[in-house]
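Residue numbers (the working numbering): 187 to 271. Each residue gets a CB set at the ideal place from its N, CA and C atoms; glycine is no exception. Worksheet: the structure to be examined is printed underneath.
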């Protein structure tokens, strides 16, 4: 019997990034997009930073909510692997 082939689009393993660290960074430094930069999602991190600057800090609510969602639901890193606990 042979092993089934690895299906594309499903990365193997768990990320080396922690969801707790990503969530706390998102909550505390959401203005800067730090949680997204930590997990390697630079596009969203830059977008969070630009929105926060353009709205004079009101956009930092996005980072706060994003950090809470990462803590509650988990998330994936830039390679699509789930964040470790």
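The beta carbon of residue 230 lies closer than 6 Å to those of 222 in the same chain, with the five residues before and after it left out.
Between the segment 251-268 and the segment 208-217 there are three or more inter-stretch CB-CB distances shorter than 8 Å, so the stretches are counted as touching. Using a Cβ distance threshold of 9 Å, residue 220 and residue 199 do not count as a contacting pair. Here residue 200 carries a coil assignment [DSSP, helix/strand/coil]. When DSSP reads this structure, residue 270 sits in a beta bridge with 204.
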